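If you count by this note's numbering, then the sequence shown holds residues 70 to 209, one letter each, in order. From the three backbone atoms N, C-alpha and C, an ideal C-beta is built for every residue, glycine too. Bear in mind the structure is a predicted one, so any value in this text is a computation, not a measurement. Shown next, in structure tokens, is the structure this report addresses.
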Amino acid sequence: MKLVDTLVIGVAVNEAKKPLFSLEERVRMVKAECAQFTGPGMAEIKVMPMHGLLMKFAEACGAQIILRGLRAVQDFEYEFQMTAMNEQLNPDIETVFLMADVKHQAVASRLVKEIASLGGDISPFVSADVKRALMEKYGK
């Protein structure tokens, strides 16, 4: 069963997170990862760069819901605040939370980047293509 007919993935600009890859590189990587989820009976997936407020992006896309992933309690606290603010900006767009699979709940990009920078094995946390891109960035 599909949750949505069309899923738009917004790849955000957030300099506070100190991204290792450019926005263009990240959009390209997400598109490549999503390519495996195409075909009959599957949602159409669009990957787009996102600038500014999430609600403005969602409105521009014609979104009816926003899907957010939760890994841990800290995520819930942050997402709860964001949802309350977003509802004030546009009460017609619902937010739906999905829990991450247990094997992904402890995965954080900061930790994956640290392991990669130190030459550790990141294959349990990322796809082969993402691993290759990270290792190239770190010259490993």
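- Beta bridge pairing from DSSP links residue 164 with 135.
- Residue 113 and residue 71 have their C-alpha atoms spaced approximately 10 Å apart.
- Burial check for residue 194: the Cβ neighbour count within 10 Å reaches 16 or more, so the residue is buried.
- Between residue 184 and residue 164, the alpha-carbon positions lie close to 33 Å from each other.
- Just so you know, the alpha carbons of residue 98 and residue 83 end up roughly 17 Å apart.
- The three-state reading of DSSP puts residue 199 in helix, counting H, G and I together.
- The Cβ atoms of residue 124 and residue 78 do not sit closer than 9 Å to each other.
- Residue range 113 to 119 is occupied by the beta strand (DSSP E) that includes residue 115.
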